[in-house]
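Colleague: The sequence shown begins at 1 in full-length UniProt numbering and counts up one residue at a time. Don't be surprised by glycine CBs; every beta carbon is placed ideally from N, CA and C. First the structure, then my questions, so here it is.
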Amino acid sequence: MKKEEFPTFLNQRPAIVFGRTGRELIIITIGLTLGYLVWQNLTNSLASSSILTNALKLIVAALFLAGALVVAFIKIATRPLEEWALVWVFYLFIPKVFIYMPTEEIVSPETQDKEEERETVQRRREEDDDDERR
Numbered sequence: 001m002k003k004e005e006f007p008t009f010l011n012q013r014p015a016i017v018f019g020r021t022g023r024e025l026i027i028i029t030i031g032l033t034l035g036y037l038v039w040q041n042l043t044n045s046l047a048s049s050s051i052l053t054n055a056l057k058l059i060v061a062a063l064f065l066a067g068a069l070v071v072a073f074i075k076i077a078t079r080p081l082e083e084w085a086l087v088w089v090f091y092l093f094i095p096k097v098f099i100y101m102p103t104e105e106i107v108s109p110e111t112q113d114k115e116e117e118r119e120t121v122q123r124r125r126e127e128d129d130d131d132e133r134r
């Protein structure tokens with residue numbers, strides 16, 4: 001009898017480097033890249049090279065990296081933060097109030113006779129109900 005192997009760990013993502021998944025590595029790389037770009041742009045815009053400007057550049061670049069680390073590692077209700085951001089964007093764009101507007105029905109000659117019969121039967125039922133109430 002042939003032995004079948006069933007895949008295990010289907011809900012786990014494979015670790016690529018340092019025990020991190022591909023998603024986490026991409027988000028951290030984006031944070032590092034944004035931090036570096038901010039550092040370079042602040043270097044070009046702030047001409048002086050004092051300790052205060054270097055500290056400012058470091059703090060702003062670290063904010064981007066910290067934001068990326070938060071997005072990469074924190075999950076709410078087992079869902080990553082980017083999924084919650086997408087849900088929030090969908091919530092912003094869907095209408096909050098729905099107005100019922102019935103569409104007009106196209107009545108063909110064949111169905112018009114049937115519709116008249118239905119109306120007649122409905123009127124008779126209503127009249128019978130009124131007679132019974134009296």
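1. Where in the stretch 15-47 do unbroken runs of the alpha helix (DSSP H), each at least 4 residues long, occur, reported from the N-terminal end onward?
2. From I27, R133, A85 and N54, pick the residue whose C-alpha is nearest to that of G67; which is it?
3. Ignoring anything shorter than 4 residues, give me the alpha helix (DSSP H) runs that lie fully in the stretch 46-117, in order along the chain.
4. Is the distance from the Cβ of T53 to the Cβ of L46 below 7 Å?
5. Where does E24 land, buried or exposed, given buried means 16+ other C-beta within 10 angstroms?
6. Compute the Euclidean distance between the alpha carbons of W39 and I59, then round it to the nearest angstrom.
7. In whole angstroms, what is the alpha-carbon distance linking G35 and S48?
8. Exposed or buried, what is K57 when buried is set at 16 or more other beta-carbons lying within 10 Å of its beta-carbon?
9. Do G19 and L65 count as a contact pair if the criterion is CB distance below 7 Å?
10. Using three-state DSSP, classify R13 as helix, strand or coil.
11. Going by beta-carbon coordinates alone, are L81 and V89 separated by less than 7 Å?
Modeller: In this structure, then:
1. 22-45
2. I27
3. 51-73 and 81-93
4. yes
5. buried
6. The straight-line gap separating the alpha-carbon atoms of W39 and I59 is approximately 9 Å.
7. 20 Å
8. buried
9. Remark: C-beta atoms of L65 and G19 do not approach each other more closely than 7 Å.
10. Secondary structure at R13: coil, using DSSP grouped into helix, strand and coil.
11. no
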